[in-house]
Every structure is written in C-alpha cells, then in structure tokens.
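K.L.:
Mind the numbering: the sequence shown is residues 23 to 337 in the numbering used here, read in order.
Backbone N, C-alpha and C define an ideal beta-carbon position, used for all residues, glycine too.
Note that this is a predicted model, so its numbers are computed, not measured.
Structure provided below as structure tokens; questions to follow.
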Amino acid sequence: MTYSKTSAATLGAIGLALLVALAGCGKKNEGGGSAGSAGSTGGGGGGTTTKKIIRVSGIPDENPSELQRKYQPMVDYLEKKLDTKVEYIPVTDYGAAVQALSAGKLDFVWLGGFTHVQARVMDGAVPLAMRDIDRDFKSVFIAGADSGIKAPADIKGKTFAFGSKSSTSGHLMPRHFLMSEFKIDADKDLSGEALFSGAHDATVKMVESGKVKAGALNMEVWDRLVKEKKVDTAKVSVIWTTPGYVDYVWTARKDVDPAIREAFAKAFLELDASNPEHAAVMSLQGAKKYVPAAPADFDAIEAVAKSTGLLSGGK
C-alpha cells in the first residue's frame, strides 16, 4: 500500500467567502445580538450587523500551554490576513475536535490524517491545506535504555504506550506498522493492554519514567523535544522510524461558505518564509511551506483505519 499520495489538486473549486453562523455561540455585539461565525450577516437589535467570527482549533496532540504558544501567532496572522475576528477554541481531546466541527461549533480545525478521515466519514469535512512535510510524515518508536528493546520486534511481550486513540502518528500508523512489518498485534502480543497517553509528549514521559518499556509518537514532536532538551536521551532513544504517510491538514466543515474556505486556505498557501512575520508563524507550526490538500490524499489513511478495525463505514 502507498502511504503518501501527491495529488496536485488545487483549491480552485473551493470558492471565496467566510462561514456559516453558529447559532447562539457568539459574543454579544454592541446592539445586544449574538455574534455569529464568519459568513453570518444577520443583524441584532436596532439594526446592528452581527460581527463575523471564524472559530478554529486543533487536535490536542501536546500539552495545552504549548498549543496556546503555537496557535496565538497564527490566529493574529489570520485576523490580519482575513480582516475578521478569529478565535482559537481549545478542545479536550481528539474526538471532541471532530465532534465540534461536525456540530458546527468550529469552522476550521487542524486535524491529523485519521481525525480528518473520521470527520469526512461523519459529516463530509473538506481538506484545505497542509505543510509540505505532511505528505511524507513519519512516526518514531522509542524505548527505555534499560528495556532490553533494540528493535520493534523486541516490543513483543513488553509494556507499550500509544498517544491518543485517534492519533494518526501516535496510534493508527504505529499499530499498522507493528502488524504489517513485525507481525505484532497490539491487542494480543504486548504485556497487558497497550496504554494511551493522550499526547505525544506524554508518551515520551511514560517511557522515560519507566512506566512502559516502549512507545510510539510523532517524529516532529520527538525531534523538537530533543532539540529543546526536554527529554533525557540517556534514558530513552529512537529504535525505529516508520515509512512515510500523509498526516496533518487544515480541515473545513462541509457547510462553510466555499469562498471562505478558499480565503482561509489561501492565507496558509501564501505564507512565505522570507517574510519575518510569516516565518515566525511557520516556525511554530513546523512548516517550511503549505501546499493544497485534496480528498484523495487521505484515501490510504482511510484504508489503513478500516483494515486495523479502527474505522467502520465511510464512503
């Protein structure tokens, strides 16, 4: 199976405006009405116009303070670029991000490949833009120095931690590769049940502390933790890096105005690393450039999710 697709589909079919109203979810405007999400043009009392708001979020793949640090400059950039209010709304877990998008409480969400597939199966969510690295993303398997594990084959019979159950790089693809490459069934061949840390950095801490012998996580997060000296590499190290696959993507709710979808995607596609302001945003997002995303890019992820039994139904 091919894990990384390179569809060059453009976003031309994805129009140019800004979002459907989220009834009853906005801040009060000066006229006493409820401020709707972008695309809303209704008025409050006294003929005032409802203020437009774009509500964004992302899967909580790291601790909340780190996510806030990464998202705030991006929100500031989007507000300036789109000339409208943009609100970052944290979510409690991966499933909450998908549910909030489907329920109309969020307009755009930074999802992993698996959560994007869940969102499109649930309610037809639309992929917009992704970092260039997300076309060939990788996970790493890590093990404690005293675990006796030197390669993934040694994980059999040992304690093990994934990240979130809905994580592409922290669960779905590592589970898939354990079986396809090493014939290890994560439901049967470990010491007890696999644990779920909930986030990539939390997986590292579980292995580093000795709570589990090994784990798997997003390679990008691992590299950053090592660079920032937030992990003791004398206690835990990488034992294997997976083949590449498609992962993170900005995803729109299906009923967001197509014009707004295009404007939002264009804001990312026009980020230029030679512009210092843009470079600051891109650095925090781990991006060198953004590229268009198309539905077909995620077909392989959907197939893996179904083959592992983590996804049912779908198109």
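1. What residue from Y99, S79, Y93 has the CA that sits closest to N297's CA?
2. Note down the Cα distance separating G214 from F182, rounded to an integer number of angstroms.
3. Which partner residues of W272 appear in the DSSP bridge assignment?
4. Is there at least one non-hydrogen atom of the ligand ADP closer than 7 Å to the beta-carbon of F218?
5. Are the beta-carbon atoms belonging to G308 and D158 less than 8 Å from one another?
6. Hey, could you find the ends of the beta strand (DSSP E) Y116 is sitting in?
7. Specify the secondary structure class of A325 as computed by DSSP and reduced to three states.
8. So is T114 buried or exposed if we call it buried at 16+ other beta carbons inside 10 Å?
9. Measuring straight from C-alpha to C-alpha, what distance separates T273 and V108?
10. Would you identify the three-state DSSP class for P82, choosing helix, strand or coil?
11. Can the beta-carbon of P314 be found closer than 8 Å to that of A151?
12. Buried or exposed: which applies to E395, given that a residue is buried once 16 or more other Cβ atoms fall within 10 Å of its Cβ?
P.N.:
Reading it off the structure:
1. Reading the sequence shown from its first residue, position 275 is the one you call residue 297. If we check each option's Cα against that of N297, Y99 comes out closest.
2. As a first step, residue 214 must be located in the sequence shown, where it is residue number 192. As a first step, residue 182 must be located in the sequence shown, where it is residue number 160. Straight-line Cα distance between these residues: approximately 9 Å.
3. What you label residue 272 is simply residue 250 of the sequence shown in a count that begins at 1. DSSP lists W132, A151 as partners of W272.
4. Although the ligand ADP was asked about, the structure shown includes no ligands whatsoever.
5. Counting from 1 along the sequence shown, the entry for residue 308 is found at position 286. Counting from 1 along the sequence shown, the entry for residue 158 is found at position 136. No, they are not a contact pair.
6. Numbered from its first residue, the sequence shown carries residue 116 at position 94. Run containing Y116: none in the beta strand (DSSP E); it sits in the alpha helix (DSSP H), 116-124.
7. In the sequence shown, the residue the question calls residue 325 occupies position 303. It is helical.
8. Position 92 of the sequence shown, counting from 1, holds the residue named residue 114. By the 10 Å Cβ count, T114 comes out exposed.
9. By one-based count along the sequence shown, residue 273 stands at place 251. By one-based count along the sequence shown, residue 108 stands at place 86. Roughly 15 Å separates the two Cα atoms.
10. Working through the sequence shown from its first residue, we reach residue 82 at position 60. In this structure, P82 counts as coil in the three-state DSSP scheme.
11. Counting from one through the sequence shown, the residue named residue 314 turns up at place 292. Counting from one through the sequence shown, the residue named residue 151 turns up at place 129. Against a cut-off of 8 Å, the Cβ pair of A151 and P314 comes out as a contact.
12. Residue 395 lies beyond the stretch modelled for the chain, which goes from 23 to 337, so this question has no answer here.
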